[in-house]
Amino acid sequence: MLSTILLFICALFLLVTVHELGHYLAAKLFGMRVDRFSIGFPPNLFSYRKGETEYVIGATPLGGYVKIAGMIDETMDTEFMSQEPAEDEFRSKPVWQRMIVMLAGVIFNVLLAVVIYTLVTFSYGEEVIPIRSVPGMYVEPGSLAADIGLQTGDRLIGINGEKVQTFNELFSPTSLTQRDVSFLVERNGVELSLSAPADFLDRINEEGFLDPSYVIPSVISAILPGSPAEAAGFEAGDRVISIDGNEVAYWNQLVSRIQSAEGELLIRVERGIQVLALEVTPDPADGKIGIAPPLPRDVFDIEQVDYSLPESAVFAAQKSGETMTGIVQGLGKMIRGEISVRNNLGGPVAIANVTREATENRGWLGFWEITAFLSITLAIMNMLPIPALDGGHVLFLAYEGITRREPSPKVRMGLQQIGFILLVTLIILVTFNDILRVLG
């Protein structure tokens with residue numbers, strides 16, 4: 024729990040700092056006075072004044088703000104409105120400058136994601152599985168794959184009408200969040216297009232979808248000492264071809280057969296040029312016989328692709344663009360009611376949980392990847408046209424730029440208050456929803 028909290032705070036602190044730094048630097052660039060630069064909300068843990076600006080770190084790490092003189096913001100301060108605009112105030116600057124200041128936080132978040140993806144790609148490269156090396160798959164009855172129309176033995180070769188070169192491309196956020204998702208498969212030498220159901224994304228969250236484990240063959244890589252499999256005479260390298268007369272070709276299929284069986288099993292295996300029939304009874308405590316699958320590296324022709332720094336930057340920009348498109352398309356599906364808000368919208372608890380899982384599975388690499396993803400998410404959420412968010416301020420400025428008339432302070436204050444109430448309500452709802460998901 025402590026590790027999860029610390030990781031969450033580190034990621035959020037970085038994202039908020041970079042976002043607010045964008046606003047701060049843009050304001051300074053155009054000669055605007057910045058009264059406060061705050062990361063986190065009260066109570067304050069640290070404050071320091073240098074020149075005209077007070078720098079603050081708050082105890083509640085759920086956001087931050089830059090208080091720019093002459094701007095109606097989340098502090099709801101309007102005392103300055105009774106005075107003539109000063110030269111260093113936000114309201115005295117041209118609309119285009121104010122627009123850049125409001126967009127700077129979002130731009131910095133996107134740039135942060137590009138920088139992180141660039142450094143990660145340059146440092147670690149990319150592991151890809153060529154689609155040509157992926158054999159047929161096992162499709163479990165009643166699964167999402169089965170409902171799509173996939174059958175055991177099918178080979179996935181493309182998505183949304185386009186053939187792919189690598190297995191990784193099948194799970195591009197841009198592709199999976201399109202309005203109509205379909206998969207290209209090869210079945211007995213014939214190419215077919217299969218459409219995903221309307222609740223495709225919801226079911227991915229609930230039950231998962233295809234991953235490399237579904238195409239791993241039923242080859243035993245190791246035997247657990249003292250296990251039923253060792254007592255029955257199984258050996259590493261055996262290929263299971265049937266269980267109780269039912270054909271088996273894939274590891275998940277093998278596991279499913281063993282878990283659904285009762286009592287003693289008759290398992291036929293290929294060992295070299297021999298076919299052996301072995302009898303084994305699963306351990307009644309866990310229903311397992313004590314065998315291990317081959318690693319993906321032993322099955323697939325996994326290729327390590329290394330990039331130069333310029334190539335890494337191009338790759339990072341493309342990945343950031345795909346991630347942004349996927350998130351926007353996902354929000355569109357949510358607004359249209361095509362996917363569940365409850366299952367797909369998360370708050371602080373969900374972010375902390377995802378950060379923990381990413382770090383547990385991939386270490387610091389996972390932490391930086393999820394931080395880049397969250398940075399893009401923060402940028403998009405901030406651009407929603409809700410007063411109190413950057414998108415709301417941009418909307419007001421766009422109105423002013425088009426009509427040559429600034430919205431009245433009374434209207435802006437009212438909308439700011441409504442927007443703030445909406446945000447607080449949303450945070451409470453998504454946090455409550457997160458807790459319900461964690462509790463199952």
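24 is the number of the first residue of the sequence shown in our numbering; add one for each residue after it. Backbone N, C-alpha and C define an ideal beta-carbon position, used for all residues, glycine too.
| Item | Value |
| --- | --- |
| Rounded to the nearest angstrom, how far is the Cβ of residue 420 from that of residue 125, given a contact under 8 Å? | 7 Å |
| When the distance is taken between beta carbons, is residue 255 closer than 7 Å to residue 301? | yes |
| Note down the Cα distance separating residue 431 from residue 418, rounded to an integer number of angstroms. | 14 Å |
| Should residue 73 go down as buried or exposed, given a rule of 16 or more other Cβ atoms within 10 Å for buried? | exposed |
| In this structure, how does DSSP classify residue 83 when only helix, strand and coil are distinguished? | strand |
| Can you look up residue 440 in the DSSP assignment and give me helix, strand or coil? | helix |
| Quick one: which unbroken beta strand (DSSP E) runs of 3-plus residues sit fully inside the region 296-362? Chain order, please. | 297-303 and 326-328 |
| Taking 7 Å as the cut-off, decide whether the C-beta atoms of residue 83 and residue 63 are in contact. | yes |
| DSSP three-state label for residue 213, please. | strand |
| Can we say the region 435-442 touches the region 402-418, given the rule of at least three CB pairs closer than 8 Å? | yes |
| For residue 316, which residues in the same chain have their Cβ closer than 7 Å to its Cβ, ignoring the five residues on either side in sequence? | 239, 244 and 274 |
| Just curious, the alpha helix (DSSP H) that residue 71 is in, first and last residue? | Note, residue 71: premise wrong, no alpha helix (DSSP H); beta strand (DSSP E) at 57-73. |
| Under a Cβ-count criterion, where at least 16 other Cβ atoms within 10 Å of its own Cβ denotes burial, should residue 305 be classed as buried or exposed? | buried |
| Do residue 314 and residue 272 count as a contact pair if the criterion is CB distance below 7 Å? | no |
| Hey, how far is the Cα of residue 224 from the Cα of residue 108? | 51 Å |
| How about residue 154 and residue 190: do their beta carbons lie closer than 7 Å? | yes |
| When the Cα of residue 129 is compared with those of 423, 448 and 399, which residue comes out closest? | 399 |
| According to DSSP, simplified to helix, strand and coil, what is residue 190? | helix |
| Could you check where the beta strand (DSSP E) with residue 181 kicks off and where it finishes? | 178-182 |
| By Cβ distance below 8 Å, which residues in the same chain neighbour residue 241 in space, the five residues on each side in sequence not counted? | 262, 263, 264, 271, 272, 273, 274, 276 and 277 |
| Skipping 5 residues on each side, what residues in its chain have a beta carbon closer than 6 Å to that of residue 197? | 345, 348 and 349 |
| Are residue 471 and residue 453 closer than 7 Å when you measure CB to CB? | The question about residue 471 has no answer, for the chain in this structure spans 24 to 463. |
| State the Cα-Cα distance for the pair residue 185 and residue 331, rounded to the nearest angstrom. | 28 Å |
| Counting only runs of 4+ residues fully inside the region 199-264, write out the alpha helix (DSSP H) ranges in chain order. | 223-230 and 251-255 |
| Which value, in whole angstroms, describes the spacing of the CA atoms of residue 158 and residue 323? | 9 Å |
| Mind checking residue 433: buried by the 16 CB within 10 Å criterion, or exposed? | exposed |
| Could you say which of 211, 193 and 213 lies nearest to residue 205 if we only look at CA atoms? | 193 |
| If you draw a straight line from the C-alpha of residue 141 to the C-alpha of residue 43, how long is it? | 22 Å |
| Taking just the CA atoms, how far does residue 427 sit from residue 23? | The displayed coordinates of the chain run from 24 to 463. Any statement about residue 23 would go beyond what the structure contains. |
| Tell me the rounded alpha-carbon separation between residue 11 and residue 371. | Any property of residue 11 remains undetermined from this structure, which presents the chain solely from 24 to 463. |
| With 16 other CB atoms within 10 Å as the buried threshold, where does residue 308 fall? | exposed |
| Less than 7 Å separating the beta-carbons of residue 351 and residue 357? | no |
| Going along the chain, which unbroken runs of the alpha helix (DSSP H) with 4 or more residues stay wholly within the region 353-441? | 364-367, 371-405 and 413-426 |
| Taking DSSP's pairing of strands, which residues face residue 151 in a bridge? | 326 |
| With a cut-off of 8 Å, do at least 3 Cβ pairs link the region 27-34 to the region 111-126? | no |
| Please classify residue 132 as buried or exposed, where buried requires at least 16 neighbouring CB atoms within 10 angstroms. | buried |
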